[in-house]
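Everything on this sheet refers to the single structure shown next.
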Amino acid sequence: MVATKKYSIIDTETGALDRRIFVDEDIYQEELEKIFGRAWQMIGHVSLVPNPNDFFHTYMGEDPVILTRDNTGQLHAFLNMCRHRGNRIVRADEGNAKNFMCTYHGWTFSNDGRLEHVPGVSEAYYDDLPVDELSLVEAKVDTYAGIVFATWDHEAPSLEAYLGDARWYLDTAFNRRASGTIAVGPMKWLEPCNWKTPVDNCSDNYHVPVTHLSSMIAQEKVQGRGRVTQERQFLNSNFNHMFVNGHALTTQELDDDNEDSPRYFHGVTQDNVHQFRDWQREALEHVEERLGTYRARKLNLTNHSLFPNGVLGFRLALPRGPLMTEFWHFVVYEADAPEVIATALRTGHGNNNGAAGLFEQDDIDNWRQVSLSAVSPIARKYAQDLSMGVGRVNGASKLPGEVSERYISENNQRNFYRRWEEFMNAESWADVPLDPITAEFEGTATLHG
Ligand code: FES
Ligand SMILES: [Fe+2]
Numbered sequence: 338m339v340a341t342k343k344y345s346i347i348d349t350e351t352g353a354l355d356r357r358i359f360v361d362e363d364i365y366q367e368e369l370e371k372i373f374g375r376a377w378q379m380i381g382h383v384s385l386v387p388n389p390n391d392f393f394h395t396y397m398g399e400d401p402v403i404l405t406r407d408n409t410g411q412l413h414a415f416l417n418m419c420r421h422r423g424n425r426i427v428r429a430d431e432g433n434a435k436n437f438m439c440t441y442h443g444w445t446f447s448n449d450g451r452l453e454h455v456p457g458v459s460e461a462y463y464d465d466l467p468v469d470e471l472s473l474v475e476a477k478v479d480t481y482a483g484i485v486f487a488t489w490d491h492e493a494p495s496l497e498a499y500l501g502d503a504r505w506y507l508d509t510a511f512n513r514r515a516s517g518t519i520a521v522g523p524m525k526w527l528e529p530c531n532w533k534t535p536v537d538n539c540s541d542n543y544h545v546p547v548t549h550l551s552s553m554i555a556q557e558k559v560q561g562r563g564r565v566t567q568e569r570q571f572l573n574s575n576f577n578h579m580f581v582n583g584h585a586l587t588t589q590e591l592d593d594d595n596e597d598s599p600r601y602f603h604g605v606t607q608d609n610v611h612q613f614r615d616w617q618r619e620a621l622e623h624v625e626e627r628l629g630t631y632r633a634r635k636l637n638l639t640n641h642s643l644f645p646n647g648v649l650g651f652r653l654a655l656p657r658g659p660l661m662t663e664f665w666h667f668v669v670y671e672a673d674a675p676e677v678i679a680t681a682l683r684t685g686h687g688n689n690n691g692a693a694g695l696f697e698q699d700d701i702d703n704w705r706q707v708s709l710s711a712v713s714p715i716a717r718k719y720a721q722d723l724s725m726g727v728g729r730v731n732g733a734s735k736l737p738g739e740v741s742e743r744y745i746s747e748n749n750q751r752n753f754y755r756r757w758e759e760f761m762n763a764e765s766w767a768d769v770p771l772d773p774i775t776a777e778f779e780g781t782a783t784l785h786g
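What follows is the structure, encoded as C-alpha cells:
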C-alpha cells in the first residue's frame, strides 16, 4: 500500500525547513512510533556484555531495553517491561544474571526472554495462564564491527542493507583491525534541545571555526594543535561531505605523507602524536589487507551521524520529549591499543565531547537556542534556512553516496530531514526507500568484524 504523504517539512529546492518538528508533541509521539519503532539503532557494544549471562541496560528512543547475552552466548534485546502489569524487571545499569525477577509480584524471566516462573500459577491462575505467550517483548538484533544495533520492526531490512554503502566509510574508523574494538562508557547527561538538532549538527562543519574558536585557541596553546580555519575549510578539496543511504558523513583524504596520521582527533597532542603515528604506521599493512589500499591509507572518517540518532561514533541523542535529549557518550577504540593511546583517547574524548567537554559546551548552547526558537509562534512563521549548496552535488565523484560539490554544504542536512519525512510518511518498511549496496568492499573485513 502506498502511504498518504502527510509531512512536507523540508523544501529541498530552497532549503526551507518547518520548525514545528522541533516542538510539536503530536509529531514527537509519531516519531517514537515511526522512527524509533522502526529504524535500526545503536544500543550497545559486544564489549559491554563479554560473558554469558551478562546484561547491559540501554534505550531505544524512550523505551528501556535490556541487552543480554544468554548462557549460549547469543545476544538479545528486550523491552524492560514485565508482561504482567508493566513494571521494569531490571533496575541496574549492568550486571550478570541468568534471570530477572519482577519486584512487583515475582514473575521471573530468563535472560533469553522466556517467562520461567509465575507465583501461584496453579493456585491463583488455575493453570490457565498462557505462559508461553508471555515472553519478554524482543527486538531484532545484529552487530556491526562489535557495535550492537536493534530494531523493534521484525520486517526491517538487514542491518547490512540498512547501513548500505555508509559502511564503506565507517569501516575506516570502526573496522580497521582484527583485534576489534571496545566501548567505554556511557557518560550521560541531559541537553535541553530537540534530538534532531545534534544529529543535524554532525554534518555542519561550517560552525567549527566560529562556535569552537575559543576551544581551539585553548587547544592550540596547551596541546599545540593547529586551528580549523574558514580558509582551510572552504578551499581544501581533500575534505568531503556525503549522504549515504540515510546517513550523513564527512571525510578527509590523506596525502601520501600523512598515511600514518592519527585516525583520531580528540586526545592527540603534540606530546603524544608520534605515539599515534607509530601505532598507525605499524598496522598499515594489516589494515590494507582488511580494507584495501585506498580505505586503509587515504580515507579518514570525520564528523558523521547514523540515522536516526547516532552522533559521532557510538554516541546517542536519545529523545526525552520534544525539547529534551538524553545524551550518551561512549568512546570506541581498538582493543589492542597500547595503554598510552587508550588513556589519551578516553580522556581526550571526555575533555572535548563529554558532559563538561570544551567542544560539547560550545555546541549545546547553540542547539538549545535553535530548538527553542521553534517554541515561538512568531519565529515559527519563518523557516530555518538550509539553502547552502542547493543543487551543488558532485555527480563525477567516485566516492559512494551523494557527494556534495563542496565540503561546506547543507546537502546532508536537507537529506537528513528528507529521510525523516520518508520514515514519517511510510506505513511500513515497504514504503521506506533503501539504496542498493554498490560500493566495492575491498579487503577481508566483514559486517561482523
Ligand atoms: S508487574 Fe511484574 S509480576 Fe506483576
Ligand atoms: Fe561542534
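Under the working numbering, the letters of the sequence shown match residues 338 to 786, in that order. A virtual CB, placed ideally from N, CA and C, is assigned to each residue, including glycine. Values in this document were obtained by computation on a predicted structure and should not be read as measured data.
Simplified DSSP state of residue i, which is helix, strand or coil
{"i": "residue 693", "result": "coil"}
{"i": "residue 751", "result": "helix"}
{"i": "residue 511", "result": "helix"}
{"i": "residue 600", "result": "coil"}
{"i": "residue 475", "result": "strand"}
{"i": "residue 671", "result": "strand"}
{"i": "residue 366", "result": "helix"}
{"i": "residue 525", "result": "strand"}
{"i": "residue 584", "result": "strand"}
{"i": "residue 708", "result": "helix"}
{"i": "residue 464", "result": "coil"}
{"i": "residue 355", "result": "coil"}
{"i": "residue 470", "result": "helix"}
{"i": "residue 338", "result": "With a pLDDT of 49 at residue 338, under the threshold of 50, the modelled position of this residue cannot be trusted; read the value that follows with caution. If DSSP states are grouped into helix, strand and coil, residue 338 belongs with coil."}
{"i": "residue 506", "result": "helix"}
Same chain, Cβ closer than 6 Å to residue i, five either side skipped, listed in chain order
{"i": "residue 761", "result": "344, 371"}
{"i": "residue 374", "result": "489"}
{"i": "residue 408", "result": "389, 390"}
{"i": "residue 645", "result": "372, 376"}
{"i": "residue 704", "result": "530, 534, 535"}
{"i": "residue 596", "result": "634"}
For residue i, the nearest candidate out of the options (CA to CA)
{"i": "residue 770", "options": "429, 671, 376", "result": "376"}
{"i": "residue 665", "options": "505, 690, 369, 671", "result": "690"}
{"i": "residue 581", "options": "365, 775, 355", "result": "775"}
{"i": "residue 565", "options": "549, 575, 559", "result": "549"}
{"i": "residue 784", "options": "641, 482, 349, 638", "result": "482"}
{"i": "residue 306", "options": "754, 766, 777, 768", "result": "Summary: the structure shown does not reach residue 306, with the chain confined to residues 338 through 786, and so no result is reported for it."}
{"i": "residue 750", "options": "722, 768, 763", "result": "722"}
{"i": "residue 421", "options": "474, 379, 460", "result": "474"}
{"i": "residue 452", "options": "469, 587, 606", "result": "469"}
{"i": "residue 506", "options": "570, 360, 635, 457", "result": "635"}
{"i": "residue 502", "options": "780, 756, 737, 358", "result": "737"}
{"i": "residue 593", "options": "571, 633, 623, 466", "result": "633"}
{"i": "residue 519", "options": "353, 682, 728", "result": "682"}
{"i": "residue 585", "options": "551, 626, 643", "result": "643"}
{"i": "residue 500", "options": "539, 479, 515, 513", "result": "479"}
{"i": "residue 641", "options": "538, 360, 757, 716", "result": "538"}
Residue environment, residue i, which counts as buried when at least 16 other CB atoms sit within 10 Å
{"i": "residue 713", "result": "exposed"}
{"i": "residue 534", "result": "buried"}
{"i": "residue 485", "result": "buried"}
{"i": "residue 573", "result": "exposed"}
{"i": "residue 542", "result": "buried"}
{"i": "residue 747", "result": "buried"}
{"i": "residue 617", "result": "buried"}
{"i": "residue 611", "result": "exposed"}
{"i": "residue 395", "result": "buried"}
{"i": "residue 685", "result": "buried"}
{"i": "residue 544", "result": "exposed"}
{"i": "residue 674", "result": "buried"}
{"i": "residue 428", "result": "exposed"}
Close Cβ partners of residue i (< 8 Å) along its chain, the five nearest in sequence each way excluded
{"i": "residue 462", "result": "455"}
{"i": "residue 740", "result": "577, 578, 579, 730, 731, 734"}
{"i": "residue 607", "result": "560, 561, 562"}
Start and end residues, beta strand (DSSP E) containing residue i
{"i": "residue 391", "result": "391 to 397"}
{"i": "residue 405", "result": "400 to 406"}
{"i": "residue 381", "result": "378 to 382"}
{"i": "residue 654", "result": "652 to 656"}
{"i": "residue 433", "result": "431 to 433"}
{"i": "residue 640", "result": "636 to 643"}
Range covered by the alpha helix (DSSP H) that runs through residue i
{"i": "residue 538", "result": "533 to 538"}
{"i": "residue 547", "result": "545 to 548"}
{"i": "residue 617", "result": "610 to 630"}
{"i": "residue 569", "result": "567 to 572"}
{"i": "residue 487", "result": "Unbroken run through residue 487 is the beta strand (DSSP E), 484 to 488; no alpha helix (DSSP H)."}
{"i": "residue 498", "result": "496 to 500"}
7 Å CB neighbourhood of residue i in its chain, flanking five on each side removed
{"i": "residue 362", "result": "659"}
{"i": "residue 434", "result": "390, 392, 448"}
{"i": "residue 791", "result": "A query on residue 791 cannot be resolved here, the shown segment of the chain reaching from 338 to 786 and no further."}
{"i": "residue 334", "result": "The chain is shown only over 338 to 786; residue 334 falls outside these bounds and no answer can be derived."}
{"i": "residue 338", "result": "Confidence at residue 338 is low in this model, with a pLDDT of 49, below 50, so its placement is unreliable and the value that follows should be read with caution. The residues are 764."}
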